[in-house]
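> Dumping the structure here so I can ask a few things about it.
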Amino acid sequence: MRLLSYIIVGILIGGFVCGTGCKKEEESPAPTIGEVMKEAAGEIQKTSEKVIEEAEKDLETVTQAIADGSHEAAEKTLKSLEEIKNTLPESLQEKIDQARKALDEATK
17 MRLLSYIIVG ILIGGFVCGT GCKKEEESPA PTIGEVMKEA AGEIQKTSEK VIEEAEKDLE
77 TVTQAIADGS HEAAEKTLKS LEEIKNTLPE SLQEKIDQAR KALDEATK
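Numbering-wise, the sequence shown is residues 17 to 124 according to the numbering used here.
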């Protein structure tokens, strides 16, 4: 009988503690396709901006290397720019073409 009393008291205390201190986890609703697409578009925009910034820095490096006579370094960096040229804005594509002409002229 005593054992039964302990079990009942334990159940009551456990129920009281959990009832006042335990929070039921609520599931958050799944994001909508619109929310997912908006987030993805934002990430793509950030990545594009970073790629453009890096391409601009590389183009400056190429220009400086040509001016310094470091044609091998300029060639290596320019080739990497030419590989991604069609993904860049048209203004940068034109600058890459100009850098290629300048490097070709400098190595003649």
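Cβ atoms here follow ideal geometry from the backbone N, Cα and C, with glycine treated the same way.
Since we're looking at a predicted model, the values are computed, not measured.
Please report how far the alpha carbon of Val-67 lies from the alpha carbon of Ala-46, in whole angstroms.
Straight-line Cα distance between these residues: approximately 31 Å.
> Going by DSSP in three states, Leu-104 sits in which element: helix, strand or coil?
Note: Leu-104 maps to coil in three-state DSSP.
> Would Thr-93 pass as a contact of Thr-103 if the rule is Cβ separation under 8 Å?
Contact: no.
> Find the nearest neighbour of Lys-73 within the set Ala-57, Lys-111 and Glu-106, judged by alpha-carbon distance.
Closest option to Lys-73, Cα to Cα, is Lys-111.
> Would you mind stating whether Glu-91 and Leu-119 have Cβ atoms separated by less than 8 Å?
Yes, they are a contact pair.
> When you compare each of Gly-85, Asp-113, Ser-107 and Lys-124 to Ser-96 by their alpha carbons, which one comes out closest?
Closest option to Ser-96, Cα to Cα, is Asp-113.
> Would you identify the three-state DSSP class for Gly-85, choosing helix, strand or coil?
Looking at Gly-85 - three-state DSSP - the assignment turns out to be coil, as it is neither helix nor strand.
> Since I believe Ala-122 is in contact with Leu-75 (beta carbons under 8 Å), could you give me their beta-carbon distance rounded to a whole number of angstroms?
Actually they do not touch by this definition, with Cβ atoms about 15 Å apart.
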